[in-house]
Amino acid sequence: MIDRTKPPFNKEPNVFAFPKVRSFDSNDVTIASYRDETQPLIHLKVVFGRGSSAERIPGSTQIAMQLLLSSIKGMSENDVADKFEFFGASLNALAFWNDAALTFSSPSDHYLKCLDMLLRSVTDLDLKQNELDSIKKRLAANIDFNLSDSGFVCQLAYNKYLLNGTAYERPRSGNKAEIMSVSLEDCKHVLVNNILPSLKVIIVTGNFGDAELNSTTAGILGAIKRIKFDDEHIEPNSVKSIILAPKQNASQTVLRLGRTTIPKKHEDFPILQVANTILGGFFMSRINAYLREEKGLTYGAGSTIDSLKHFSIFTAFSSLNSDGINDSIDFLNKELNSFAENPFTDVELDRCVKFMYGSFVRGTETPGLIANMVQSLLSDDLGLDYYNRFYEKITSLTAQEVTAKAIEHLSSPNFTIAVCSDEKTLQTKFAGMRNVIYYDIAKEML
Numbered sequence: 004m005i006d007r008t009k010p011p012f013n014k015e016p017n018v019f020a021f022p023k024v025r026s027f028d029s030n031d032v033t034i035a036s037y038r039d040e041t042q043p044l045i046h047l048k049v050v051f052g053r054g055s056s057a058e059r060i061p062g063s064t065q066i067a068m069q070l071l072l073s074s075i076k077g078m079s080e081n082d083v084a085d086k087f088e089f090f091g092a093s094l095n096a097l098a099f100w101n102d103a104a105l106t107f108s109s110p111s112d113h114y115l116k117c118l119d120m121l122l123r124s125v126t127d128l129d130l131k132q133n134e135l136d137s138i139k140k141r142l143a144a145n146i147d148f149n150l151s152d153s154g155f156v157c158q159l160a161y162n163k164y165l166l167n168g169t170a171y172e173r174p175r176s177g178n179k180a181e182i183m184s185v186s187l188e189d190c191k192h193v194l195v196n197n198i199l200p201s202l203k204v205i206i207v208t209g210n211f212g213d214a215e216l217n218s219t220t221a222g223i224l225g226a227i228k229r230i231k232f233d234d235e236h237i238e239p240n241s242v243k244s245i246i247l248a249p250k251q252n253a254s255q256t257v258l259r260l261g262r263t264t265i266p267k268k269h270e271d272f273p274i275l276q277v278a279n280t281i282l283g284g285f286f287m288s289r290i291n292a293y294l295r296e297e298k299g300l301t302y303g304a305g306s307t308i309d310s311l312k313h314f315s316i317f318t319a320f321s322s323l324n325s326d327g328i329n330d331s332i333d334f335l336n337k338e339l340n341s342f343a344e345n346p347f348t349d350v351e352l353d354r355c356v357k358f359m360y361g362s363f364v365r366g367t368e369t370p371g372l373i374a375n376m377v378q379s380l381l382s383d384d385l386g387l388d389y390y391n392r393f394y395e396k397i398t399s400l401t402a403q404e405v406t407a408k409a410i411e412h413l414s415s416p417n418f419t420i421a422v423c424s425d426e427k428t429l430q431t432k433f434a435g436m437r438n439v440i441y442y443d444i445a446k447e448m449l
């Protein structure tokens, strides 16, 4: 039997130091590099400061970024992929809510050839109708696939009402009608007027030399002309209701419960991350211990903090049998509003900080992972010393401090709650309840 009152760790202190990333600015673009000669690869990530939240047509940024993979004159997406694979490399185009990226990893001796192809993709901009048609068909099919997942349906309902009044309330991919309406002209407009001019960060990690770094900097800055964009600050007008999302033949009941809270730049954010981890961020968390270990209502439950540009989202989640849905909601409401009566303990804090230390270390194992962390830091203007400051702060906390900040940033008299299950379960479990909204997922995604 595991004694859960004691952390199963030794007493040796852990020391974390984020890799020493070098950086300089040129034409308002940050060039960041981390050299590791023990690695066989070079990883390049070109980060743009605007993403799907700035688009006019939902889904158009994701489609436009995918078209960049086939935008070299005379080459299809398959041709480009074959060429990169011939060099032992892979090229990816990524679209997020608040930024976008072009990235590849390649063996050191083929890096400059791969760089040349990436530069051709953003300068040729030979967008092809047949590639666009193929992308739209794939995205439409992907919607059908995702709609078979109760977790996806629940998340859509949750986002729509929690993030009401912002671009984030809708699916980032758009719905089917929006996807099919996107034209080549729309995609070119997104790339030329929105994504490419928002060039923000160039990240090079791995086994590179001065020649590779200088060629990367000169090539990308020469190919892309940056424009300064205004940063529009938008806060959601959350609907604090129970959102019911019926799904035919749902095998489980899926729950999301949460609120918006402070952004990543806030001085209390590291403490908030600690509070979330103790609550639901790892297997030994309070939420999982109660709903899974003690009550046996679910195979897994927990909570997350998702950061957007000007705020973050705290979400408690679970997939469970329908009999436990009301008890689970009651437990989460009580747990999140009783920190004063049930404060965090020194044992919980010690276990949490050591778990977070391991997560930090695993996040810096490869050049690609380091590049991802650097992207997060520089896209959000946090500074390259952020994780060192973050770890220094959480290792000096007291349980009383974490409890106080949880009360301030997590507790709420009303949360946005979304539940996805079959129609009969929803009607039975929530009959007669006030402040309930039914969400028509089919109408939303067609």
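Per the numbering used here, the sequence shown starts with residue 4, numbered consecutively. We treat Cβ as the ideally placed atom computed from N, Cα and C, and that holds for glycine.
Contact belief for residue i with residue j at Cβ below 8 Å, rounded distance in angstroms
| i | j | result |
| --- | --- | --- |
| Leu339 | Leu413 | 6 Å |
| Phe272 | Phe19 | Wrong, their Cβ atoms sit about 17 Å apart, outside the cutoff. |
| Ala226 | Leu122 | 5 Å |
| Ser241 | Asn324 | No, Ser241 and Asn324 are not in contact; Cβ-Cβ is about 28 Å, not under 8 Å. |
| Leu247 | Ala319 | About 17 Å separates the two Cβ atoms, so there is no contact after all. |
| Ala1 | Cys423 | Given that the chain is displayed from residue 4 to residue 449, the structure contains no residue 1 and the question cannot be resolved. |
| Ser331 | Leu258 | 6 Å |
| Ser218 | Leu118 | 6 Å |
| Asp102 | Phe27 | That belief does not hold up - the Cβ atoms of Asp102 and Phe27 are roughly 20 Å apart, past 8 Å. |
| Val207 | Leu47 | 6 Å |
| Gly209 | Ile45 | 4 Å |
| Ile444 | Val156 | 5 Å |
| Leu142 | Leu70 | Going by Cβ atoms, the distance from Leu142 to Leu70 rounds to 12 Å, so no, they are not a contact pair. |
| Ile66 | Lys139 | 7 Å |
| Glu447 | Asn178 | 7 Å |
| Ser321 | Leu282 | About 13 Å; that fails the 8 Å criterion. |
| Thr369 | Val204 | About 19 Å; that fails the 8 Å criterion. |
| Asp425 | Pro249 | 7 Å |
Assigned exposure category for residue i - 16 Cβ within 10 Å defines buried
| i | result |
| --- | --- |
| Met4 | With a pLDDT of 38 at Met4, under the threshold of 50, the modelled position of that residue is not reliable, and no figure is offered here. |
| Gln158 | buried |
| Ser109 | buried |
| Leu449 | exposed |
| Phe334 | buried |
| Gln378 | buried |
| Asn30 | exposed |
| Ser201 | buried |
| Val350 | exposed |
| Asn279 | buried |
| Ala221 | exposed |
| Asn375 | buried |
| Glu344 | exposed |
Continuous alpha helix (DSSP H) stretch holding residue i: start and end
| i | result |
| --- | --- |
| Phe381 | The sequence shown places Leu at residue 381, not Phe. Per DSSP, Leu381 belongs to the alpha helix (DSSP H) from Pro370 to Ser382. |
| Leu47 | Premise fails: Leu47 lies in the beta strand (DSSP E), Leu44 to Phe51, not in any alpha helix (DSSP H). |
| Ser331 | Ile328 to Leu339 |
| Arg229 | Careful: Arg229 lies outside any alpha helix (DSSP H) and carries neither H nor E. |
| Ile138 | Gln132 to Asn149 |
| Pro273 | Phe272 to Asn279 |
| Ser153 | Ser153 to Leu165 |
Same chain only: Cβ atoms within 7 Å of residue i, ignoring 5 sequence neighbours per side
| i | result |
| --- | --- |
| Pro22 | Tyr37, Thr367 and Ile373 |
| Gly91 | Ser109, Pro110 and His113 |
| Thr169 | Ile237 and Pro239 |
| Gln430 | none |
| Leu275 | Thr264, Ile265, Ile308, Lys408 and His412 |
| Leu216 | Ser36 and Val207 |
| Glu80 | Leu72, Ser73 and Glu134 |
Host beta strand (DSSP E) of residue i (start-end)
| i | result |
| --- | --- |
| Lys243 | Unbroken run through Lys243: none, as it is neither H nor E. |
| Val32 | Val32 to Arg38 |
| Arg25 | Arg25 to Ser29 |
| Ile265 | It is not in any beta strand (DSSP E) - Ile265 carries neither H nor E in the DSSP assignment. |
| Leu94 | Ser93 to Ala98 |
| Thr307 | Thr301 to Ser310 |
| Ser315 | Ser315 to Leu323 |
| Thr106 | Ala103 to Pro110 |
| Tyr441 | Val439 to Tyr441 |
Own chain residues within Cβ distance below 6 Å of residue i, not counting five before or after
| i | result |
| --- | --- |
| Ser55 | Thr64, Ala98, Trp100 and Arg175 |
| Asp383 | Lys267 |
| Ala104 | Lys48, Val50 and Leu97 |
Heavy atom of the ligand FAD within 6 Å of residue i beta-carbon
| i | result |
| --- | --- |
| Asp102 | The ligand FAD is absent from the structure shown, which contains no ligands of any kind. |
Same chain, Cβ closer than 8 Å to residue i, five either side skipped, listed in chain order
| i | result |
| --- | --- |
| Thr428 | Ala253, Thr256, Ser325 and Ile328 |
| Val83 | Leu72, Ser73, Ile75, Leu94, Met120 and Ser124 |
| Ser315 | Thr263, Thr264, Ile265, Pro266, Lys267, Phe272, Leu275, Ile308 and Asp309 |
| Gln251 | Asp425 and Glu426 |
Does the segment 276-290 come close enough to the segment 181-198 to have 3 or more Cβ pairs within less than 8 Å?
-> no
Just checking, does the segment 116-130 make contact with the segment 65-81 on the three C-beta pairs under 8 Å criterion?
-> Here the segment 116-130 lies against the segment 65-81, with 3 or more beta-carbon pairs under 8 Å apart.
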